[in-house]
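Structure first, commentary second.
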Amino acid sequence: MTDHPCHDVTGAGPVLLLVPGGAGHPMGLGPLTERLARRFTVVTYDPLGLAHGRLGLPVADQRPADWSRGAARVLETVLPPDERAFVFGTSSGGIAVLDLLARHPGRLAHVVAHEAPCVTALPDGRERREELIAALDGAGRPPAEGPSATSMGVFLAHVLRPFTAHVPVLTALEPRLTLAAGTGSRGQVLHRTARVLADRHGSAFLEFPGGHLGILDHPAEFAGLLTETFLAAAPASP
Numbered sequence: 382m383t384d385h386p387c388h389d390v391t392g393a394g395p396v397l398l399l400v401p402g403g404a405g406h407p408m409g410l411g412p413l414t415e416r417l418a419r420r421f422t423v424v425t426y427d428p429l430g431l432a433h434g435r436l437g438l439p440v441a442d443q444r445p446a447d448w449s450r451g452a453a454r455v456l457e458t459v460l461p462p463d464e465r466a467f468v469f470g471t472s473s474g475g476i477a478v479l480d481l482l483a484r485h486p487g488r489l490a491h492v493v494a495h496e497a498p499c500v501t502a503l504p505d506g507r508e509r510r511e512e513l514i515a516a517l518d519g520a521g522r523p524p525a526e527g528p529s530a531t532s533m534g535v536f537l538a539h540v541l542r543p544f545t546a547h548v549p550v551l552t553a554l555e556p557r558l559t560l561a562a563g564t565g566s567r568g569q570v571l572h573r574t575a576r577v578l579a580d581r582h583g584s585a586f587l588e589f590p591g592g593h594l595g596i597l598d599h600p601a602e603f604a605g606l607l608t609e610t611f612l613a614a615a616p617a618s619p
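If you count the sequence shown from 1, position 168 lands on 549 in our numbering, and the numbers rise without skipping.
Written out as structure tokens, the structure is:
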């Protein structure tokens, strides 16, 4: 996380904070944010500043609390005092927004966490986490620093392990939370994780188009369902 949390703002309407997955680089989110900006002030958070000139610089191992702390600072900057924000996070960003809800619930109207890989919340979470890491990381990892650094390299080196070890700490009943997974992920561990967390915290479970990368593969349908979900939830003002 940078000293001054990087973010971009577009559109008009209630504030909607987006926290991307992976290492937090918002690459490819343009089609989604363009559609959401028709109804919301879309604030896209870039926790490591990778899209703001910091890709290739040294990065420390990340924690969900680092990202949620930065997200809260972004909301302090963009959110009017008498309003609450809608929040969406996918993948590692989904873990971050769960932590944001746990630590800063007062400024949030509703949170959607899409395929958050906090698999250690499962009864067999240790085994599932080991499988997930083995599937994603191995020989040929792209560099995380230097001129050839990639966002995926940063994710594998500094985000994957600490984030997948995180277990959300939420209230027993959390009606302002929707746990989401893709229709294309049925039968997979992240779909199961979302369902387990929804049941555990008395929250809604909702399926979105596509799989883990549904926000990239189906931006129009994804934005439409996300808009419906937020507009049907509690209003953005207290």
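Beta carbons: idealized from backbone N, C-alpha and C, even for Gly.
Next item on the list: With Thr608 as the anchor, note down where its alpha helix (DSSP H) starts and where it stops.
Entry: Residues 600-613.
Item checked: As assigned by DSSP and simplified to three states, the class of His572 -> helix
Next item on the list: Kindly confirm or deny that the region 388-398 and the region 424-433 touch, where touching means at least three C-beta pairs closer than 8 Å.
Entry: yes
Next item on the list: List the whole-angstrom C-beta distance separating Leu517 from Thr574, where the pair is believed to meet the contact cut-off of C-beta under 8 Å.
Entry: About 15 Å separates the two Cβ atoms, so there is no contact after all.
Item checked: Cα-Cα separation, Gly402 to Ala520 -> 22 Å
Note to self: With the cut-off set at 8 Å, would you say Leu410 and Glu496 are in Cβ contact?
What the structure shows: no
Next item on the list: Count the C-beta pairs between the region 486-496 and the region 535-545 that are closer than 8 Å, then say yes if the count reaches three, no if not.
Entry: The region 486-496 vs the region 535-545: no contact.
Notebook entry, point to check: Apart from the five residues on each side of it in sequence, which residues of its chain come closer than 7 Å, Cβ to Cβ, to Val548?
Noted result: Cys499, Thr501, Ala502
Note to self: Taking 8 Å as the cut-off, does the region 588-597 touch the region 547-566 (at least 3 CB pairs, one atom from each stretch)?
What the structure shows: Yes, the region 547-566 touches the region 588-597.
Checklist line | Same chain, Cβ closer than 8 Å to Met533, neighbours up to 5 away in sequence not counted | finding: Gly403, Ala404, Pro523
Next item on the list: Write down the C-beta distance between His485 and Ala453 rounded to the nearest angstrom, noting that I regard them as a contact closer than 8 Å.
Entry: 5 Å
Margin query: For Leu607 and Pro600, I'd like the C-alpha separation in whole angstroms.
Written below: Cα to Cα, the separation comes out at about 10 Å.
Notebook entry, point to check: Taking DSSP as the reference, what is the three-state secondary structure of His388?
Noted result: Here His388 sits in strand by DSSP.
Note to self: Could you tell me which whole beta strand (DSSP E) segments of length 3 or greater appear in the region 410-476?
What the structure shows: Scanning the region 410-476 for uninterrupted beta strand (DSSP E) segments of 3 residues or longer gives 422-427, 466-471, listed from N- to C-terminal end.
Margin query: Using only CA atoms, which one of Ala585, Glu555, Ala418, Phe536 lies nearest to Arg444?
Written below: Looking at the Cα atoms, Phe536 is the closest of the given residues.
Margin query: I need the straight-line Cα distance from Ala614 to Arg557, nearest angstrom please.
Written below: Looking at the two C-alpha atoms, the distance is approximately 8 Å.
Note to self: If you measure between the beta carbons of Ala477 and Gly487, is that distance less than 8 Å?
What the structure shows: The Cβ atoms of Ala477 and Gly487 lie no closer than 8 Å to each other.
Item checked: Environment of Gly434 [buried if 16+ CB atoms lie within 10 Å] -> exposed
Checklist line | Start-to-end residues for the alpha helix (DSSP H) that takes in Glu511 | finding: 506-517
Notebook entry, point to check: If we count the other Cβ atoms within 10 Å of its Cβ and call it buried at 16 or more, is Ser618 buried or exposed?
Noted result: Low local confidence applies: a pLDDT of 44 at Ser618 is under 50, so the model's placement there is unreliable, with the coordinate-based value given in what follows. Answer is exposed; the Cβ neighbour count stays below 16.
Notebook entry, point to check: Mind checking whether Gly437 and Gly527 have CB atoms under 8 Å apart?
Noted result: yes
Margin query: The beta strand (DSSP E) that contains Ala525, what's its start and end?
Written below: Premise fails: Ala525 is in no beta strand (DSSP E) and is neither H nor E.
Item checked: Exposure of Gly583, with buried meaning 16 or more beta-carbon neighbours within 10 Å -> exposed
Margin query: Using CA atoms only, rank isn't needed, just tell me which of Ala446, Asp447, Gly475, Ala418 is closest to His593.
Written below: Gly475
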